[in-house]
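Each remark here refers to the structure printed beneath this line.
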Amino acid sequence: MKTKSAVYAIVLSLLTCFMITSCSNNSSNKEQKTTSSDMKKDSTAISKSDFGTTPDGKKVEQYTLTNANGIEMSVITLGGIITTLKTPDKDGNMGDIVLGFDNVDTYLESPYIGALIGRFGNRIAKGKFSLDGEEYTLATNDGSNHLHGGDKGFDKVVWEAQEITNASGVGLKLTYLSKDMEEGYPGNLEVTVTYMLTNEDDLEIDYTATTDKKTIVNLTQHTYFNLSADPSQDILDHVLSVDASAFLPIDGTLIPTGELRDVAGTPFDFTSPKKVGKEIAVDNEQLKLAKGYDHCWVLNGDGGMKEAATLYHEKSGRFMKVLTTEPAIQVYTGNFLDGTLTGKEKVNYAERSAICLETEHYPDAPNKSEFPSVVLEPGQTYNTKTTYSFSLK
Ligand code: BGC
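If you're matching positions, the sequence shown starts at 2 in this note's numbering and goes up one per residue.
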């Protein structure tokens, strides 16, 4: 009897041992599958892990890019979403300066947090536009208007990803083919968005697109920033500058009226750096319509790369500069965040817990011939660039 139970005990412990080893192998595979480009000599790195699955069964992967100075950015293939971005404060402590979630489901119900936006960033009135006399109808997913590409815009599709490691830093090339009439837009649109996290601490974003049929395009990135790295604090103390002498007033549905209004003497004047909260609550018809800032500023300068905005958080010392080839920037102060979504750090995202600086063409441009064109023809290449540059002050 004794010998029999001893044999059982040995078999049992061997079995347990085997199970523990295979389980731990599985979980490490899931969490951190290191790729070939990991840990180059310059200490940049890219790692890849599972992030979950979409309701229609598509695998979502997360890539974590680390530049030579230890700045770390994670991006998932769902929506090209930037899930985390860790930069140092003036004492050298790393902090995550973007809102985000730790699961696919919450991203799918979130207001575009961290995501790539397309085919058309911002609003199109009544979800309608015409090209060469043909009228196209899009989803009206924002009251009576179309917003950020529709019901299943570029923020909700899974992109192909390819790692980049070169002398300037680490990056990710994301590609997506949006089929003819997807979300009601004409033309097969081949889109490439490249994120480069450089060793100069810049996040460079390059957008290109081509079509086989005349269409409209307006791509942007919808990261919600909070430079304090503590989203339980609001962003009213962030100091903002916007290099724009005019902004686009909106109607009650947040569609530009067509007027370009001088910012001088209004709460929209950020030509000199000013706290976001300084005039956000003053009695102003435009601020009331949007419950704060949710407007498009018309940038000074031409189509070349130019400084569009800066954002500074004094306590942490974090300073961010936005440069772009785009003619405009939407500044959105998180007015519609209402505390119902819980972020990755278990904080409920409340009103004004972050600010978005979305470089783009003007909202409703397809219906306003006086606004710069957003039409893309076959044979042309859409190409815009935006850089978010991180430093300390
Ligand atoms: C828009 C806001 C909208 C937000 C989230 C911003 O780009 O301007 O009005 O609420 O995106 O959807």
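Note that the Cβ used here is the ideal one computed from N, Cα and C, for glycine as well.
| Query | Result |
| --- | --- |
| Burial state of Met321, where buried means 16 or more other Cβ atoms lie within 10 Å | buried |
| Gln287 vs Pro250 beta-carbon contact at 9 Å | yes |
| When Asn142, Gly134, Glu161 and Asp106 are compared against Gly122, the one with the closest alpha-carbon | Asn142 |
| Distance CB(Ser392)-CB(Asp244) smaller than 9 Å | no |
| Contact check, Thr404 vs Pro379, beta carbons under 9 Å | Since the first residue shown for the chain is 2 and the last is 394, residue 404 is missing from the structure and cannot be characterised. |
| Gln267 versus Val218, Val283 and Ile77, residue with shortest Cα-Cα distance | Residue identity differs from the one stated: residue 267 is Thr in this sequence, not Gln. Comparing Cα-Cα distances from Thr267 to each of Val218, Val283 and Ile77, the minimum goes to Val283. |
| Minimum length 3: unbroken beta strand (DSSP E) runs contained in the region 224-269 | 240-243 and 245-249 |
| Three-state class that DSSP yields for Gln287 in the structure shown | helix |
| Segments assigned alpha helix (DSSP H), at least 4 residues, entirely inside the region 129-173 | none |
| C-beta contact flag for Gly80 and Gly53 at 9 Å | no |
| Contacting residues, own chain, Cβ-Cβ under 7 Å from Gly305 (five flanking each side not counted) | Thr326 |
| Beta-carbon separation (whole angstroms), Leu312 vs Gly253, contact threshold 8 Å | 29 Å between Cβ atoms; not a contact. |
| Cutoff 7 Å; reference Ser233; Cβ partners in own chain excluding five residues on either side | Val348 |
| CB of Val99 within 9 Å of CB of Thr85, strictly | yes |
| Beta carbon of Ile165 nearer than 9 Å to that of Leu117 | no |
| Helix, strand or coil at Asp181 [DSSP, three-state] | coil |
| Proximity test, Cβ basis, 9 Å: Gly344 and chain C | Looking at the structure shown, chain C is missing, and only one protein chain is on hand. |
| Residue range of the beta strand (DSSP E) that includes Thr85 | Ile83 to Pro89 |
| Closest Cα partner of Gly188 within the set Lys215, Val194 and Phe155 | Lys215 |
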